[in-house]
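1 is the number of the first residue of the sequence shown in full-length UniProt numbering; add one for each residue after it.
A virtual CB, placed ideally from N, CA and C, is assigned to each residue, including glycine.
Model, not experiment: these values are computed from the prediction.
Taking it in order: structure first as structure tokens, then the write-up.
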Amino acid sequence: SVKRPRVPRSDIDTDHKIMSSSKSIYETVEGSHEYKIEGYSLAKGMGVGKSMTSGRFTVGGYEWVIHFYPDGYDQANVEYVSVFASFVSPGEARALFELKLLDQGGNRIHGLHPRSSQTFNTKNG
């Protein structure tokens with residue numbers, strides 16, 4: 001706050017206006033990462049809750065990894081593969097992301113969740 005001396009009303013310059021402004025900038029960054037699993041058929045059967053993890057990659061100045069569970073994350077998902085993007089940088093970031101599973105021919109596999117927006121931090125991944 002700015003302190004100004006008190007001036008009697010008769011001495012106030014009514015033509016003098018004080019203006020200020022500020023702005024917030026939200027930057028959108030687009031990126032992608034391809035996590036290729038060679039020998040997928042050998043990974044299938046490694047067990048429920050057991051994952052393979054990609055190398056770290058950077059998008060928007062933040063580091064991420066992908067966790068892939070070929071036999072599902074837990075018993076409730078044992079019939080499905082589970083895939084998660086995890087935030088591994090300090091701090092927090094909001095991301096709109098899409099995970100796509102492709103077969104050996106590069107064709108998209110049906111049934112994967114479409115774009116999703118989430119706030120990531122080091123506590124919730």
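Under DSSP, the alpha helix (DSSP H) around residue i begins and ends at which residues?
{"i": "serine 41", "result": "40-43"}
Using a 10 Å radius around the Cβ and a threshold of 16 neighbouring Cβ atoms, would you call residue i buried or exposed?
{"i": "aspartate 103", "result": "exposed"}
{"i": "aspartate 74", "result": "exposed"}
{"i": "serine 1", "result": "Note that serine 1 has pLDDT 47, beneath the 50 cutoff, so the model's placement of it is unreliable and no number is given."}
{"i": "isoleucine 18", "result": "exposed"}
{"i": "glutamine 118", "result": "exposed"}
Which stretch, first to last residue, makes up the beta strand (DSSP E) that contains residue i?
{"i": "asparagine 121", "result": "116-121"}
{"i": "glutamate 92", "result": "92-97"}
Please check the pair residue i and residue j, which I expect to be a contact at CB under 8 Å, by giving their CB distance rounded to whole angstroms.
{"i": "residue 142", "j": "valine 29", "result": "Nothing about residue 142 can be read from this structure; the chain reaches only from 1 to 125."}
{"i": "isoleucine 66", "j": "alanine 85", "result": "6 Å"}
Assess, as a yes-or-no matter, whether the stretch 42-54 is touched by the stretch 63-78 under the definition of 3 or more beta carbon pairs within less than 8 Å.
With contact defined as three or more Cβ pairs closer than 8 Å, the stretch 63-78 and the stretch 42-54 are in contact.
Mind listing, in chain order, the continuous alpha helix (DSSP H) runs of no fewer than 4 residues lying wholly within the stretch 23-81?
Those alpha helix (DSSP H) runs which fall completely within the stretch 23-81 and span 4+ residues are 40-43.
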